[in-house]
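Heads up, the sequence shown is in UniProt numbering, so the first residue is 1 and it goes up one at a time.
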Amino acid sequence: MDIFNLGEAILSLLEVVFGFWNGQVNMVFELLGQSPTSFKGGGPWGVITGIEPIFVAVGSSLVVLFFVIGFCSESVDVREEMRFEVILRMLIRIGIAQWLVVYNVDIMKAIFTSVGNLVGLIGGSEATQVTIDPAQADIIKNLGFVESLVFLILAVFLSLIILICGFFLIYNVYFRFLKILVIVPFGSIAYATVAGNRGVSATSVQFTKYFISVVFEAVTMALAIILCNTFISSGLPQFTGDYADWTKTLIYLGEMTFTVALTVGSVKGAQSLTSKALGL
């Protein structure tokens, strides 16, 4: 064995770092597949469950207030507005608003379960695992001493970036759970506006759009991670075919660094991408 050949050390370091990255990705998919109701053993959701009745009580009171505001803003002549069909429409609107105030959390939990199952189906693919391309592994093993010394430094730098990006990946997933848990109680207040006119009830529409974008953010995160991991595992671009081996290795390490950073950036911007894709 050539003691001056650091290719094996570089390859071992990359395998360890990729193992860490795969572990983080597996954790992310496990978290994204969870419903917020079961996150952290259900402790945070238990807090929301205890607080939510307060918001329901406030929302139920606001139903009447928003109805009066909507009625006054739409009515020009009270006698003209007191037709049977108008009264029936108002009663239906109040009934729907009150039902949404009381049962909006049940609807949210059903959406949580559906999105979690969808992420579970997506994450079941082997594409979620990052592996070193065999051709590039052979090139790394056969590097000369000078080249391998330089690339060992680059591999260490890459390892630090992957470690940092791995923690940022988990941070973004935890932040998504926090956003969901924070906005859930506000559903009762937002849906109380359904009792009002179009201008007032626009609040409930905006809340629904934001809620859907945050929940389906998990699907966008899952797709972004799978695609970026596939970029890493697919080896070098075709235009490097005539390059020297050390150049190929340099491009390979650079592409891995860029793609890992791209993964974190895609996950961070998943909500914005989801909103634009779904027209929210």
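No residue lacks a Cβ here, since even glycine has one placed at the ideal position from N, Cα and C.
- For Phe211, the enclosing alpha helix (DSSP H) starts and ends at 198-215.
- In this chain, the alpha helix (DSSP H) harbouring Gly166 covers 145-183.
- For Val194, the closest C-alpha among the options Thr49, Gly123, Leu11, Leu65 is that of Leu65.
- Around the CB of Lys248, 16 or more other CB atoms lie within 10 Å, so the residue is classed as buried.
- Here the alpha carbon of Ile94 sits roughly 29 Å from the alpha carbon of Ser114.
- With respect to Lys179, Val219 sits apart: the two C-beta atoms are not nearer than 9 Å.
- By the Cβ criterion, the stretch 157-169 is not in contact with the stretch 44-61, since fewer than three pairs of Cβ atoms, one from each stretch, lie closer than 8 Å.
- Exclusion of the five residues before and after Val184 leaves Pro36, Ile48, Glu52, Val105, Met108 as the residues of its chain whose Cβ lies within less than 8 Å of its Cβ.
- Around the beta carbon of Asn142, a 10 Å sphere encloses fewer than 16 other beta carbons of the protein chains shown; the residue is thus reported as exposed.
- DSSP places Lys141 in the uninterrupted alpha helix (DSSP H) bounded by 134-141.
- Within its own chain, the residues whose Cβ lies closer than 8 Å to the Cβ of Leu278, once the five positions on either side in sequence are excluded, are Ile212, Ser213, Phe216, listed in chain order.
- Per the C-alpha coordinates, the member of Leu223, Thr208, Pro134 positioned closest to Thr263 is Leu223.
- Asn117 and Ser38 have their C-alpha atoms spaced approximately 14 Å apart.
- Linking Ala110 to Ser201 through their CA atoms gives a straight-line distance of about 23 Å.
- For a cut-off of 8 Å, the C-beta gap from Gly196 to Gly70 is around 4 Å, short enough to register as a contact.
- Per the Cβ contact rule, the stretch 129-136 is in contact with the stretch 225-234 (3 or more Cβ pairs under 8 Å).
- In this structure, the CA atom of Met221 is about 21 Å from the CA atom of Phe207.
- If you draw a straight line from the Cα of Glu15 to the Cα of Tyr252, it is about 14 Å long.
- By the CB criterion at 9 Å, Gln98 and Ser60 fall inside the cutoff.
- Per DSSP, reduced to three states, the secondary structure at Val130 is coil, with no helix or strand assignment.
- Leu280 sits in coil when the DSSP states are folded into three classes, being neither helix nor strand.
- Under the 10 Å beta carbon count, Cys72 is surrounded by fewer than 16 other beta carbons and is classified as exposed.
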